[in-house]
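Residue 635 in the numbering used here sits at position 166 of the sequence shown, with consecutive numbering throughout.
Heads up, the beta-carbon is just placed ideally off N, CA and C, and yes, glycines get one too.
Please read the structure below before turning to the comments.
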Amino acid sequence: MAAVTTERLMQLALDLVGWSDIPPDSAIYHAGSRISHLLIGIDVGAGELFMARQLGFHAVIAHHPAGYTGPTWEVYRYHVRQMVAAGVPEDQAEAAVAGRVRDLQARAQMQNYDHMASVASMLEMPFLNIHAPLDELGRRIMQETIDARLAQQSGATVRDVRDALLQLPAYRASKTEMLTALGSWDAPAGRVVVSHGAYTNGGYHVARAYFLNGVNTFCSIHFPPEDARRLADEGIQGNLLVMGHIAGDSVGLLPYVARLRQEGLEVQTYSGIIGGD
470 MAAVTTERLM QLALDLVGWS DIPPDSAIYH AGSRISHLLI GIDVGAGELF
520 MARQLGFHAV IAHHPAGYTG PTWEVYRYHV RQMVAAGVPE DQAEAAVAGR
570 VRDLQARAQM QNYDHMASVA SMLEMPFLNI HAPLDELGRR IMQETIDARL
620 AQQSGATVRD VRDALLQLPA YRASKTEMLT ALGSWDAPAG RVVVSHGAYT
670 NGGYHVARAY FLNGVNTFCS IHFPPEDARR LADEGIQGNL LVMGHIAGDS
720 VGLLPYVARL RQEGLEVQTY SGIIGGD
């Protein structure tokens, strides 16, 4: 059976999106080699690392960061390039992320970045997390899926955007249903943007920037309800489709799992990876 290193596991994810550098929200906490049996899930805690050791896995991969991994606010700034690509002026895009960037910088001072890394080290369990690369992969898949569906029909509605996403196995398997936090299912979809892969949702300021610059339907895997109410109270026009967190993350994780298996690795999924086997 094939065997790899933790560095190879990270590189395979980067290769899927054509990136050369590990983003600051992803990290190898405890390096390892001769890995052929893997446990991978969206969230991993100390108990799961011990469980993995007891069950004979050679390494564990989490999707979400297991503590502070670096300047994660730089990943949040990926919203800027996504907004600019969608036609938002750069100065407006920068202003839209500035407040959350400051918040993330402050919160980093509170985090115990050694907790999970030290547990993995004591257990001698190779452990890493891969966040932004797989979210970016998922963003591309979701956007391409929506674009392909809408290109085949005129007068598409927000309901048609939802139905396009339901073509993806992760969304068909989801226990939560998509919802319109702003707008309605029967509203024209117009120009649709999937906002994902930038550490966390952009909230009020990012959504508002899109809506004021020609985007009609803004899609996010999760979105603060108070921010949606604020947009509505201010009379901002547009459709806000909340797609679902676990399904949205799984869209990017499933191709990675498939790639690992192509390498000849034994992979067990758990903790929220849905829509696969």
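Just measuring C-alpha positions, the residue of Tyr547, Arg641 and Arg699 sitting nearest Asp604 is Tyr547.
The alpha-carbon separation between Gln622 and Gln636 amounts to approximately 16 Å. Under the criterion of beta carbons closer than 8 Å, Glu735 and Leu507 qualify as touching, at roughly 7 Å. Around the CB of Thr541, 16 or more other CB atoms lie within 10 Å, so the residue is classed as buried. In the pairwise beta carbon analysis, the stretch 567-581 is classified as not touching the stretch 624-643: fewer than three pairs are separated by under 8 Å.
Residue environment: Ser653 is assigned as exposed (fewer than 16 neighbouring CB atoms within 10 Å of its CB, all protein chains considered). Under DSSP, the beta-bridge partners assigned to Val661 are Thr686.
The beta carbons of Ala676 and Leu700 sit about 6 Å from each other, so the pair counts as a contact at 8 Å.
Counting along the chain, Gly510 sits inside the beta strand (DSSP E) bounded by residues His506 to Gly510. Counting only runs of 3+ residues, the beta strand (DSSP E) found wholly inside the stretch 500-544 occupies 506-510 and 528-531, in chain order. The criterion of a C-beta distance shorter than 8 Å is satisfied by Phe687 and Val662. Assignment of alpha helix (DSSP H) within the stretch 581-645, counting only whole runs of 4 or more residues, yields 584-592, 601-620, 627-634 and 638-641 in chain order. In this structure, Ile599 and His527 do not form a Cβ contact; the two beta carbons are roughly 16 Å apart against a cut-off of 8 Å.
Between Pro493 and Pro602 the beta-carbon gap is near 12 Å, outside 8 Å, which marks them as no contact. Nearest to Val513 by alpha-carbon distance, out of Glu593, Ala589, Asn682 and Gln731, is Ala589. When DSSP states are grouped into helix, strand and coil, Tyr739 belongs to the strand group.
Counted as a single uninterrupted DSSP element, the beta strand (DSSP E) harbouring Ala650 occupies residues Leu648 to Leu651. In this structure Tyr668 is in contact with Tyr545, their Cβ atoms being roughly 4 Å apart against a cut-off of 8 Å. Annotation for Ala521: Leu508, Val529 and Met594 place their beta carbon closer than 7 Å to its own, counting only its chain and skipping 5 residues before and after.
Taking 8 Å as the cut-off, the Cβ atoms of Ile742 and Leu722 count as close.
Between Arg550 and Gly536, the alpha-carbon positions lie close to 25 Å from each other.
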